[in-house]
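Beneath this line is the structure, given in structure tokens, with notes to follow.
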Amino acid sequence: MPLTLVTVACLSDNYAFIVHDQTSGATAVVDVPEVAPIKSALDARGWTLSDILLTHHHHDHVGGVAELKRLTGARVWGAAQDASRLPPLDRAVTPGHEESFGGESVQIINVPGHTIGHIAYFMSASKILFSGDSLMAMGCGRLFEGTPEQMWQTLKTLSALPDETVVCSGHEYTKSNAAFALSLGHENDALKARAIEINAARSKGLATVPSELGLEKATNPFLQASEPALKAALGLPNASDADVFAKVRALKDAF
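In terms of full-length UniProt numbering, the sequence shown opens at residue 1 and continues consecutively.
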């Protein structure tokens, strides 16, 4: 039976994600920006938290971990390579390895760029990707620690997952990301339609996260650095894919 997924709005524009395995009762939350909304979502469903999965060390993703662990006793997962910057880990995981949660295999994926040491979790049977601030809805995270080349490789790695993968990213940035995508001048029908849907959803206060990977590939400019239409729109027809990605990231930083 596929995992049950619950999206939890936190802080001003963050998301945490709860996943529940009905067969075993195992329940995990991915990232803990704050405790109250996560605890409320768990209590409303009568679920007992067993695991806390962390994508990266930024405070708006780990700020509530200590309190939530105190309240629940849940095991904390995180990247072994970044353990010195994360809350204390019970389960230090390594990219390229597979772990287990409930009855599912969990692939640990190295996704540097936003930070060094950032990881993503892919629950392959349910096709759910927890990407943190690497691949985001209509965007990608700022490059606080990594290079454009690292982030472009990260995005290529994630875009190779099945198109039906549900992408659970860390923030509600989608409306501004869509406006930026339209500004690049390479828009297609899918992008225009998605921008309309995003604006309608946000006008009603609805979340635009999670999204589907196939839709991201069709509309997210950060996944399209290899496409001739985007290269032409940017005046970089002969540039490398990584250089085109770097240009898109720089334009977004100034948008």
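All residues carry an ideal CB built from backbone N, CA and C; glycine is no exception.
Taking only the alpha-carbon atoms, compute the straight-line gap between residue i and residue j and give it to the nearest angstrom.
{"i": "L184", "j": "L234", "result": "7 Å"}
{"i": "Q153", "j": "G64", "result": "30 Å"}
{"i": "T7", "j": "G46", "result": "16 Å"}
{"i": "N199", "j": "E99", "result": "38 Å"}
{"i": "I116", "j": "E187", "result": "32 Å"}
{"i": "T48", "j": "G146", "result": "36 Å"}
{"i": "P88", "j": "P228", "result": "46 Å"}
{"i": "S40", "j": "P33", "result": "14 Å"}
{"i": "T55", "j": "G103", "result": "21 Å"}
{"i": "A232", "j": "A225", "result": "11 Å"}
{"i": "D253", "j": "A80", "result": "30 Å"}
{"i": "D163", "j": "S124", "result": "12 Å"}
{"i": "T23", "j": "G205", "result": "33 Å"}
{"i": "P95", "j": "H58", "result": "19 Å"}
{"i": "V35", "j": "S84", "result": "22 Å"}
{"i": "G78", "j": "A239", "result": "36 Å"}
{"i": "D189", "j": "D241", "result": "23 Å"}
{"i": "S12", "j": "A44", "result": "22 Å"}
{"i": "V93", "j": "M151", "result": "21 Å"}
Thinking residue i and residue j are a contact (beta carbons under 8 Å), I'd like their distance in whole angstroms, please.
{"i": "K175", "j": "R142", "result": "The pair is not a contact, with the Cβ atoms about 17 Å apart (cut-off 8 Å)."}
{"i": "G139", "j": "F222", "result": "6 Å"}
{"i": "residue 257", "j": "D31", "result": "Any question about residue 257 goes unanswered here, given that the chain covers just 1 to 255."}
{"i": "L42", "j": "V62", "result": "The Cβ separation is near 18 Å, so there is no contact."}
{"i": "V111", "j": "S134", "result": "4 Å"}
{"i": "residue 260", "j": "N177", "result": "Since the first residue shown for the chain is 1 and the last is 255, residue 260 is missing from the structure and cannot be characterised."}
{"i": "H97", "j": "I108", "result": "5 Å"}
{"i": "E82", "j": "N14", "result": "The sequence shown places Asp at residue 82, rather than the Glu named in the question. Contact flag wrong, Cβ pair sits at about 19 Å."}
Are residue i and residue j closer than 8 Å when you measure CB to CB?
{"i": "S50", "j": "A66", "result": "no"}
{"i": "L191", "j": "T219", "result": "yes"}
{"i": "A120", "j": "L155", "result": "no"}
{"i": "V106", "j": "D90", "result": "no"}
{"i": "residue 266", "j": "E216", "result": "Past the boundaries of the shown model lies residue 266; the chain is included only from 1 to 255, so the question cannot be answered."}
{"i": "V244", "j": "L251", "result": "no"}
{"i": "E149", "j": "V209", "result": "no"}
{"i": "I128", "j": "L3", "result": "yes"}
{"i": "I38", "j": "L68", "result": "yes"}
{"i": "V29", "j": "I52", "result": "yes"}
{"i": "F255", "j": "F144", "result": "no"}
{"i": "L161", "j": "F122", "result": "yes"}
For residue i, count neighbouring Cβ atoms within 10 angstroms of its own Cβ and tell me buried if that reaches 16, exposed if not.
{"i": "R194", "result": "buried"}
{"i": "L230", "result": "buried"}
{"i": "I196", "result": "exposed"}
{"i": "F101", "result": "buried"}
{"i": "A73", "result": "According to the sequence as given, residue 73 is Gly; it is not Ala. With fewer than 16 other Cβ atoms within 10 Å, it is exposed."}
{"i": "T165", "result": "buried"}
{"i": "S131", "result": "buried"}
{"i": "S211", "result": "buried"}
{"i": "G113", "result": "buried"}
{"i": "A246", "result": "buried"}
{"i": "D21", "result": "buried"}
Have a look at the DSSP bridge pairing and note the partners of residue i.
{"i": "E98", "result": "Q107"}
{"i": "R75", "result": "D51"}
{"i": "L129", "result": "F122, V167"}
{"i": "Y15", "result": "A9"}
{"i": "R91", "result": "W77"}
{"i": "E145", "result": "DSSP lists no partner for E145."}
{"i": "A254", "result": "Partner(s): none; A254 has no beta bridge."}
{"i": "V30", "result": "F17, L53"}
{"i": "S211", "result": "V167"}
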